[in-house]
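This report refers to the structure that appears directly beneath it.
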DNA sequence: CTTGCATCACTTACGACGTAAGACTATCAT
DNA sequence: ATGATAGTCTTACGTCGTAAGTGATGCAAG
């Protein structure tokens, strides 16, 4: 009786609000500490309410990935060389992850093959094909760049979690490691820049090699020792 | 009062047993579904008992990473070229992750700078330095390869989680994507092989470039567009 | 206007999780 | 015999995702 309950009054919550708050909380505290209850509290609502706007927690995480990618990736600039296009793509991805550090781990887990990202992929592949790459090789190139960027972010985040002193102490008696760490910390930016530069240069030589061997011939014959 | 309790009878549990069981469960069901309680049950023991052999769950995960790395990485073969050494290192890492698929995600999270891995790193860096690489560049090379291998495994696992049909359907109207996916699935092996090949080729050109510019000069001047 | 219904919100509840605190017991050095 | 130590179990707390059910709101059809 008494107890004027106001339950159920529509709060005007939309999927957009939920997602925005989710990204904000993930950025602030990391996605690991993001829970349906905390997110609901942030929105002034009960936990179960969120399930009207999101299938479940995994759906929420997928949506975060999609959101970050959508706001980060742009179609390749017309008239740019394939090297510039690939470098720009890596840069966009890197900036997106930098803008949402707490969400990086999601990119390692969720595949992120949504229509929107596939469209971007298509345009990237088209540039590469026009430059002479076989479609399969072009796909490998994009995969390599994306994995490298995400991987470097993950590794850098993990490294940031351990105090650098501990590493330096552990590196005692290991002169080359010490020398490599001597001049300043290794930043994500430098890691990504070097990696992407190397990948582009590497695929330049792969492209040159493949163009000199026009039609269906044998694989690279003992390239890396991987099988 | 009655109730012949048999609690506390030493079960002869060791850290090695705990770790071995943890790796086994992680391999079977994935590390995400590994809990202290399940692990304890697997060992015929109560959950809290594990805390006498492991600091906490994170410590357990770190130990899993360490264990996999220790059983996978080998010191570089004497007399091999730096390219062979790097390729072999990538291959060892890849095989290790292949052997323990459920634990891959841990390699994205935990930094894995233990004394043992640092020793391996030192020997790798020594080979690269002897080949003419600056220590910092050598470190970037190893980081790039490790991140690429882990990143490709993660991406491949994520991709395996989504049914390939869905991707093919989504790729409808995207001719280049479709063409790239046309001849068979993209395996982890091929992704890693191509990436590592490209990285090695790329660092070959970086090495050649740096050797022609011996002492401290400007950075590559608009290399990738990353800053 | 009334009636019905889909939508949004809330409540309660369940089983799982990591782990702090403490009690018990077996083993071994003194 | 006497402690000390280390391995084990019990209980408990707070958190998590979410299934199931209840109630209120606002809109559309009669």
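Chains as they are written, first to last, in this note's numbering: chain A, 1 to 227; chain B, 228 to 454.
C-beta atoms are modelled at their ideal positions from N, C-alpha and C, and glycine is treated no differently.
Values in this document were obtained by computation on a predicted structure and should not be read as measured data.
**Report entry** DSSP state of residue 242 of chain B mapped onto helix, strand, coil
**Finding:** As a first step, residue 242 of chain B is located in the second chain; it is residue number 15 there, counting from the start. Residue 242 of chain B: helix per DSSP, three-state reduction.
Query - Spatial distance of residue 68 of chain A from residue 96 of chain A (CA atoms) - result: As a first step, residue 68 of chain A is located in the first chain; it is residue number 68 there, counting from the start. As a first step, residue 96 of chain A is located in the first chain; it is residue number 96 there, counting from the start. Their Cα atoms are separated by approximately 6 Å.
Report task. Starting from the beta carbon of residue 129 of chain A, find every residue of chain B whose beta carbon is closer than 7 Å, and list them in chain order. Result -> Counting from one through the first chain, the residue named residue 129 of chain A turns up at place 129. Near residue 129 of chain A (Cβ distances below 7 Å), the residues of chain B are 403.
Report task. Can you grab the Cα-Cα spacing for the pair residue 61 of chain A / residue 382 of chain B, in whole Å? Result -> The residue you call residue 61 of chain A lines up with position 61 of the first chain. The residue you call residue 382 of chain B lines up with position 155 of the second chain. Their backbone Cα atoms lie some 16 Å apart in a straight line.
Query raised in the report: Which same chain residues, not among the five before or five after residue 53 of chain A, have their C-beta less than 6 Å away from its C-beta?
Result: Mapped onto the first chain, residue 53 of chain A falls at position 53. Taken in chain order, the residues that qualify are 15 and 18.
Query raised in the report: For residue 168 of chain A, is the classification buried or exposed, using 16 other Cβ atoms within 10 angstroms of its Cβ as the cut-off for buried?
Result: For the purposes of this step, residue 168 of chain A is identified with residue 168 of the first chain, where counting begins at 1. So residue 168 of chain A ends up on the exposed side.
Query - Through-space distance from residue 268 of chain B to residue 145 of chain A, alpha-carbon basis - result: Along the first chain, read from residue 1 onward, the residue named residue 145 of chain A stands at position 145. Along the second chain, read from residue 1 onward, the residue named residue 268 of chain B stands at position 41. Approximately 42 Å, taken between the alpha carbons.
Query raised in the report: Between residue 309 of chain B and residue 265 of chain B, what straight-line distance do the alpha-carbon atoms span, to the nearest angstrom?
Result: Within the second chain, residue 309 of chain B is the residue found at index 82, counting from 1. Within the second chain, residue 265 of chain B is the residue found at index 38, counting from 1. If I take the Cα positions, the gap works out to 44 Å.
Query raised in the report: Would residue 118 of chain A pass as a contact of residue 413 of chain B if the rule is Cβ separation under 9 Å?
Result: For this step, residue 118 of chain A is matched to residue 118 along the first chain. For this step, residue 413 of chain B is matched to residue 186 along the second chain. Against a cut-off of 9 Å, the Cβ pair of residue 413 of chain B and residue 118 of chain A comes out as no contact.
Query - Residues from the stretch 116-147 of chain A in contact with chain B, defined by Cβ distance under 8 Å - result: 118, 119, 121, 122, 125, 126, 129, 135, 136, 137, 138, 139, 140, 141, 143, 144, 146 and 147
Query raised in the report: Where in the stretch 349-389 of chain B do unbroken runs of the alpha helix (DSSP H), each at least 4 residues long, occur, reported from the N-terminal end onward?
Result: 362-388
Query raised in the report: Is the beta carbon of residue 386 of chain B sitting closer than 9 Å to the one on residue 151 of chain A?
Result: Position 159 of the second chain, counted from the first residue, corresponds to residue 386 of chain B. Position 151 of the first chain, counted from the first residue, corresponds to residue 151 of chain A. Their beta carbons are not under 9 Å apart, which means residue 386 of chain B does not touch residue 151 of chain A by this criterion.
Requested in this report: Please say whether residue 178 of chain A and residue 340 of chain B have beta carbons closer to each other than 9 Å?
Outcome: Mapped onto the second chain, residue 340 of chain B falls at position 113. Mapped onto the first chain, residue 178 of chain A falls at position 178. No.
Requested in this report: Would you list, in sequence order, the uninterrupted alpha helix (DSSP H) runs of no fewer than 4 residues that lie entirely inside the stretch 312-349 of chain B?
Outcome: 331-336, all fully within the stretch 312-349 of chain B.
Query raised in the report: Buried or exposed: where does residue 10 of chain A fall if 16 or more other Cβ atoms within 10 Å of its Cβ makes it buried?
Result: Position 10 of the first chain holds residue 10 of chain A. That one is exposed.
Query - Among A:209, A:124, A:165 and A:36, nearest to residue 90 of chain A - alpha-carbon criterion - result: Translated into positions along the first chain, residue 90 of chain A becomes position 90. Of A:209, A:124, A:165 and A:36, the residue nearest in Cα terms is A:124.
Query raised in the report: So which residues on chain A does residue 332 of chain B lean against when the C-beta distance must stay under 8 Å?
Result: Position 105 of the second chain, counted from the first residue, corresponds to residue 332 of chain B. Listed along the chain, the chain A residues whose CB falls inside 8 Å of the CB of residue 332 of chain B are 108 and 109.
Query - Inside the stretch 15-79 of chain A only - alpha helix (DSSP H) runs reaching at least 4 residues - result: 15-29, 36-42 and 57-72
Query - Closest residue to residue 34 of chain A among A:99, A:207, A:103 and A:148 (Cα-Cα distance) - result: For the purposes of this step, residue 34 of chain A is taken as residue 34 along the first chain, with counting starting at 1. The residue with the shortest Cα to Cα distance from residue 34 of chain A is A:103.
Requested in this report: Using 10 angstroms around the beta-carbon of residue 304 of chain B, count the other beta-carbons present and answer buried if the total reaches 16, otherwise exposed.
Outcome: Your numbering for residue 304 of chain B matches position 77 in the second chain. With fewer than 16 other Cβ atoms within 10 Å, it is exposed.
Query - Own chain, CB closer than 6 Å to residue 440 of chain B, minus 5 neighbours either side, in chain order - result: The residue labelled residue 440 of chain B in the question sits at position 213 within the second chain. Excluding positions up to five away in sequence, the list is empty.
Query raised in the report: Do you know how far the Cα of residue 44 of chain A is from the Cα of residue 312 of chain B?
Result: Position 85 of the second chain, counted from the first residue, corresponds to residue 312 of chain B. Position 44 of the first chain, counted from the first residue, corresponds to residue 44 of chain A. Going from the Cα of residue 312 of chain B to the Cα of residue 44 of chain A covers about 57 Å.
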